[in-house]
Ligand code: FES
């Protein structure tokens with residue numbers, strides 16, 4: 069669950085400017101004249117990524133989020149009232165209203181992931197990081213939140229860290245992932261069990277092959 073929007077929170081900057089006006093222009097140009105509001109989502113994403121870039125250089129570091137001033141700036145650019153931008157940003161889980169850790173761990177706990185052991189993944193994150201859901205580590209490196217289905221149920225249980233999915237997780241592989249991120253070591257998104265995409269774990273197969281193995285075809 070993401071943090072609620074608080075315009076008066078002490079972490080809100082007084083102003084926000086896009087530092088790549090060309091990119092803003094390129095996003096606006098994707099949509100017909102008079103439909104500038106269609107650019108709200110990609111502009112929110114651009115703002116959040118700009119904040120994340122700044123955060124990666126900061127000490128302590130922080131991750132991407134969308135300040136109130138950025139939403140006001142987007143409203144000005146697309147010529148809509150600020151509430152229209154907030155309505156969009158609050159609907160989607162990928163926009164954040166408060167500073168997050170440099171690595172935002174989003175653990176899926178919906179039924180398929182839960183049946184496949186998401187409780188273990190959540191427990192591992194809490195134990196390893198010493199934080200609860202919705203909290204950030206004191207060094208600014210990690211935030212932990214629980215999310216609904218991220219559409220990778222076939223390789224459950226899974227978690228998203230920033231832009232990447234980590235699938236077929238176990239308590240051990242989740243712990244190793246956290247350690248690698250903390251130490252700045254390279255990490256490999258996707259299945260942590262060696263599965264290729266969403267292929268059966270034992271390799272390519274077909275229903276016919278399975279039926280023959282069972283002696284029913
Ligand atoms: S239930 Fe976890 S990705 Fe769908």
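Numbering (the working numbering), first residue to last: 69 to 285. C-beta: ideal position from N, C-alpha, C; glycine also.
Outcome for residue i when other beta-carbon atoms lying within 10 angstroms are tallied against a minimum of 16
| i | result |
| --- | --- |
| residue 167 | buried |
| residue 115 | buried |
| residue 97 | exposed |
| residue 284 | exposed |
Residue of the options minimising C-alpha distance to residue i
| i | options | result |
| --- | --- | --- |
| residue 237 | 275, 246 and 227 | 227 |
| residue 135 | 118, 101, 246 and 148 | 118 |
| residue 192 | 151, 127, 92 and 244 | 244 |
| residue 138 | 262, 210, 97 and 109 | 109 |
| residue 185 | 77, 162, 239 and 207 | 239 |
| residue 196 | 130, 246 and 183 | 246 |
| residue 214 | 225, 249, 248 and 173 | 173 |
| residue 123 | 259, 171, 160 and 141 | 171 |
| residue 268 | 212, 252, 223 and 95 | 223 |
| residue 203 | 145, 264, 80 and 169 | 169 |
| residue 210 | 140, 128 and 279 | 128 |
| residue 232 | 251, 200, 76 and 257 | 257 |
Residue j beta carbon less than 7 angstroms from that of residue i
| i | j | result |
| --- | --- | --- |
| residue 216 | residue 178 | yes |
| residue 112 | residue 163 | yes |
| residue 212 | residue 176 | no |
| residue 84 | residue 92 | no |
Close-in-space but distant-in-sequence residues of the same chain around residue i (CB under 6 angstroms, 5 per side omitted)
| i | result |
| --- | --- |
| residue 221 | 180 |
| residue 153 | 108, 139, 142 and 143 |
| residue 80 | 135 and 136 |
Contact set for residue i: own chain, Cβ-Cβ below 8 angstroms, skip 5 residues either direction
| i | result |
| --- | --- |
| residue 281 | none |
| residue 183 | 224 |
Contact set for residue i: own chain, Cβ-Cβ below 7 angstroms, skip 5 residues either direction
| i | result |
| --- | --- |
| residue 248 | 255 |
| residue 147 | 104 |
| residue 259 | 223, 235 and 236 |
| residue 275 | none |
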